[in-house]
Structures are given as C-alpha cells and as structure tokens.
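Chains as they are written, first to last, in the working numbering: chain F, 524 to 744; chain D, 524 to 744.
Comments concern the structure below.
2 protein chains.
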Amino acid sequence: MTRDTVPVATVRPLRRDAELNRRKIIESARIVFSERGFGATLDDIAHHAGLGVGTVYRRFPGKEHLVEAMFVERMDEIRELAERALEESDPWEGFATFLVGTAELHSADRGLREVMLSNNFGQERVAAAKERMIPLAVELVRRAKASGQLRADFEDTDLPIIHMMIGSVAQYTHDVRPELWRRYLGVLLDGLRADSGRTLSPEALDPEALDVAMCAWKPRQ
Amino acid sequence: MTRDTVPVATVRPLRRDAELNRRKIIESARIVFSERGFGATLDDIAHHAGLGVGTVYRRFPGKEHLVEAMFVERMDEIRELAERALEESDPWEGFATFLVGTAELHSADRGLREVMLSNNFGQERVAAAKERMIPLAVELVRRAKASGQLRADFEDTDLPIIHMMIGSVAQYTHDVRPELWRRYLGVLLDGLRADSGRTLSPEALDPEALDVAMCAWKPRQ
DNA sequence: CACGAAGTGGAGGAGCAACCTCAACTTCCG
DNA sequence: CGGAAGTTGAGGTTGCTCCTCCACTTCGTG
C-alpha cells in the first residue's frame, strides 16, 4: 500500500446499467412493500421490477437490508411531520395534525406501518430513526396536555397503540373504503379531548412493556 | 326395506372410547383455537388432546367442520349478552355493556374474534347464528341513539369495526397486558357519547361493503 | 372368551411457498 | 476487443400444513 492509497471511498461505483437496476429495485420495493407489506417476497419485487431474482439478491443480501435502505427516509418524513406539528400555535391542533398525518402515512404504506409497530424489521438505522422521532412526539403530547385540551391521563405509549388500531381498520377496509379509518380516528380524537371528565383505565403501557409487544408482533396478511 | 325400518336416527352411536375422544378433541380445539386462532392446525389440536392426528381427521373431515361445531354456541353467548343488555333500563348503559361484554369475549378467544370478523370460517350454521344476533345489536344502537346519549351519526356497521380495532390491540398487547384493550375501548366510548357536538366523517360502511371487507379478511399471526 | 367391527397412531407423502444459489449467458467500458 | 461486471431464472433447500394409510389396539356382543 503506497501513501497515496485513499483509505476511504474504497467502494468503486456500480456500472451504469447496474446502478439503473438498483434504482428499479428500490422503486419496486417501495411500491410492493407499501401495498402488501413485508409478506411480499424478493421474488415479487424482482418480478415487479422486470428483473431476475438473482439480480435483487446480488444487490441486497436479504430482505432486511432492503427494508433498512428503504424506511429510514420514510421515518424521517414522520419526524418532519412532528416538527411541523410543533410549529402549530394551538397545542391541540398540533397534536391532532400529527396523529392524522402519521395515520395517513401508515394507511398509505403498509410496510411503513409494519416497521413502525414491530421491532422485527430493520435494525440499527431504523431504530436510530425511531429514537430521533420519539422526543418530538413526546413534546407534542406534553404541550397538548399542558394546555388542558388533551386529557391528562393520556400517555406517550398510547400513540403507537392508536396507530395499531387505526392501521388495522385501514387494512380491513382498504379495498372497500380506503379512507374509512378517518371516521374512527375522529371518534378517538373526540374521546381524547379533556372535557369528558372521565378517567382511563387500566393504565397505559410503560415503555418496556411496549417494547416487548413490538418485539413479539409479526404481521401477516 | 320393510315398513318397520326407521328412516331417521340411522346414525348409530359411537363406541364409548370414541365418544370420549370426540369430547377430548372438542375440548382441545376450544383451548387451542382460543389461544392461537385458526392458524392452529388439526395436528396441534390432536397433540394437545394427546391423540393421533388420524383420530381427529376420522371424526372431523376438516378444520371447517370443527369450527362449525364449535362456534355456534359461542355466538349464541353473544346473542344472550345482547338480550341482557336490552333489559338494561338506561339505553346507554345497555349499549356500553354490550360493547364491553363482546370485547371481553373477543379478547379472550382469538378464534371467536376471527369467526366474527371474517366470512371465511364456518358456513351455514355460523352465518345463521350471526343473523340471529344482528337485529338485537341494531336495536341496542337504535335505543341508545333515540335516548340522545349515543351520537346520532353512529351506524350499525361501526360495531364490527370497533371490534376489529379493540381486537387488534388485545392481540398486540396480549402477552404483556391482556386487559389493556379496556383503556382504548374507554377512549372510544367517550368519543361515542353524543355530547361532543362534532360529526363523524367519512360516513360509515354500508352493510354490503362491510360484507366485502369481511370476506376479504383472512387473519394470520 | 373370542371374534369381528370399530377405532387408533403417527410416520410420511403430496403440495405449496419462500428463500436463495449457480453456471451459462449478456453487457459494459477501458 | 477482452475481461470484469452484471444478469438470469430454473431449480435445490427448507419448512410448513394438510391429510392418508394400514398395521395395530380396543370394544362389546354372542
């Protein structure tokens, strides 16, 4: 090794056709995962992209890697959503906007929903993206409670559970009325306003318990 | 055939040991289906009953038959629940009692939930049992709306969707906090009281669309 | 008790689906 | 033009569920 050898950037760029195919794969993965979730196989994605299976496996060692590559940016979308929601002057509006916005993303992209609600997909980078998002969501909740508009017994861990509920409706009625979930999110939001004077029971999950649930959950069909 | 041949009651009774085993199978099926849903195989049930697979297949031609034999009575439990709820003097209490009671049954029995929310399990007799139950539920909704306590834009088809939501939470947190679904049913009930003054959108499913959704839904894991 | 009918067990075949490999072929680009 | 890089898809492997089959056991009647 001479002194001139550049130690970084050892990865030489892909051949032009290969780079094109890589993009086709990612594009197809986005579409297929969003429609059918991670139940979809790499074979499905290859077929959708008009490529052989081998090509996909050459580029991505396994489904995990493709997922990783794909959802970090989607999760950053959610983070941006939270940032914009925090700019809302009315804390309740901010909270509600965030909830509706994330539900829109979840209901339009089944893969995203599965990544967000399960801890079985994507490791490092996805987890990191989640971590980046959480404090913003926590702050949205805090503000809405402090303003007296969100019921005081609401907890941070209620957020993913609500997404789980809304997502299951979205999936159930997807072929028949893709927007129906808004109806039930409406009921939930009405139920979450502070004015009811009632108290929720039992208590919400603590973060550890939520983590256990997320690790155990493996979606299918 | 002589005149004396009795045309009915041609089925001769099972041998004593066989009858015992039949009961074991049904008992095991109840337990296994309620824990793991219809994803469970007849092999699983046989093993749980301490019998060979062949024995199960000899008695029940397929999973469908076992399901049919098993859930008609469970659905009648729900009907009785509705009957009792109709006896409540306060219409809202009746409505809420019914919702909590059915959710309790669903969350304790994954198989029951799957039968209720999908049209892919059990045919004739299960469908008939559902039909018997529906008018009672409709009446519960009608009364609660007429009393001005249930929001006026609530529809009959909201009931199964709410069960879908609650059931998905119950499944998600089953191993960690089996009773947590009550918390979210609480939020929903608060949101369903008439006093919010807000209006749900979009509109609820019509019964035909609900049927399509139920036919398409096949639960897994 | 003894015998035939009824019932049982569980290894294993058939069928399917997902995952991934590999060797023959094609394309790129210096 | 030559060799490195890339592509292909039939098919091997694994893992699952469903269900059959027949040698074996048990029942209960004459």
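We put the beta carbon where it would ideally sit given N, CA and C, even for glycine.
All of these numbers come straight from a predicted model, not from anything done at the bench.
CA nearest to the CA of residue i, picked from the options
i                     : options                    : result
residue 595 (chain D) : D:564, D:635, D:544        : D:635
residue 646 (chain F) : F:722, F:551, F:585        : F:585
residue 609 (chain D) : D:551, D:660, D:599        : D:660
residue 627 (chain D) : D:568, D:538, D:694        : D:694
residue 559 (chain D) : D:730, D:649, D:630        : D:630
residue 547 (chain F) : F:564, F:579, F:537        : F:579
residue 597 (chain F) : F:556, F:571, F:568        : F:556
residue 674 (chain D) : D:712, D:633, D:603        : D:712
residue 632 (chain D) : D:588, D:703, D:697        : D:697
residue 553 (chain F) : F:577, F:592, F:692, F:716 : F:592
residue 582 (chain D) : D:662, D:549, D:607        : D:549
residue 716 (chain F) : F:672, F:625, F:577        : F:672
residue 662 (chain D) : D:703, D:637, D:607        : D:607
Buried versus exposed call for residue i [16 or more other C-beta atoms within 10 Å across all chains shown]
i                     : result
residue 705 (chain F) : buried
residue 740 (chain D) : buried
residue 681 (chain F) : buried
residue 709 (chain D) : buried
residue 529 (chain F) : Low confidence applies here, because residue 529 (chain F) scores a pLDDT of 43, under 50, leaving its location unreliable and the question unanswered by this model.
residue 742 (chain F) : buried
residue 722 (chain D) : exposed
residue 603 (chain D) : exposed
residue 524 (chain F) : Residue placement at residue 524 (chain F) cannot be trusted, given a pLDDT of 41 that sits under 50; what the coordinates show is reported in the next sentence. With fewer than 16 Cβ atoms within 10 Å of its Cβ, residue 524 (chain F) is classed as exposed.
Euclidean distance between Cα positions of residue i and residue j
i                     : j                     : result
residue 658 (chain D) : residue 605 (chain D) : 10 Å
residue 676 (chain D) : residue 718 (chain D) : 12 Å
residue 656 (chain D) : residue 714 (chain D) : 25 Å
residue 600 (chain D) : residue 729 (chain F) : 34 Å
residue 573 (chain F) : residue 732 (chain D) : 35 Å
residue 678 (chain F) : residue 724 (chain F) : 12 Å
residue 612 (chain F) : residue 652 (chain D) : 52 Å
residue 531 (chain D) : residue 727 (chain D) : With a pLDDT of 46 at residue 531 (chain D), under the threshold of 50, the modelled position of that residue is not reliable, and the figure given next carries that caveat. Their Cα atoms are separated by approximately 48 Å.
residue 563 (chain F) : residue 701 (chain F) : 20 Å
residue 667 (chain F) : residue 622 (chain F) : 12 Å
residue 569 (chain F) : residue 543 (chain F) : 14 Å
residue 654 (chain D) : residue 575 (chain D) : 36 Å
residue 566 (chain F) : residue 699 (chain F) : 28 Å
residue 687 (chain D) : residue 538 (chain D) : 42 Å
residue 589 (chain F) : residue 540 (chain F) : 19 Å
residue 536 (chain F) : residue 620 (chain F) : 42 Å
residue 526 (chain F) : residue 561 (chain F) : Residue placement at residue 526 (chain F) is flagged as unreliable, the pLDDT there being 44, under the threshold of 50; a coordinate-derived value is accordingly withheld.
residue 720 (chain F) : residue 692 (chain F) : 27 Å
residue 624 (chain D) : residue 571 (chain F) : 46 Å
residue 577 (chain D) : residue 545 (chain D) : 12 Å
residue 587 (chain F) : residue 587 (chain D) : 36 Å
residue 637 (chain F) : residue 637 (chain D) : 21 Å
residue 703 (chain D) : residue 703 (chain F) : 24 Å
Beta-carbon separation (whole angstroms), residue i vs residue j, contact threshold 8 Å
i                     : j                     : result
residue 615 (chain D) : residue 551 (chain D) : Going by Cβ atoms, the distance from residue 615 (chain D) to residue 551 (chain D) rounds to 40 Å, so no, they are not a contact pair.
residue 618 (chain D) : residue 664 (chain D) : 7 Å
residue 707 (chain D) : residue 689 (chain D) : 7 Å
Does the structure place the region 725 to 740 of chain F close enough to the region 640 to 655 of chain F that three or more beta carbon pairs sit under 8 Å?
yes
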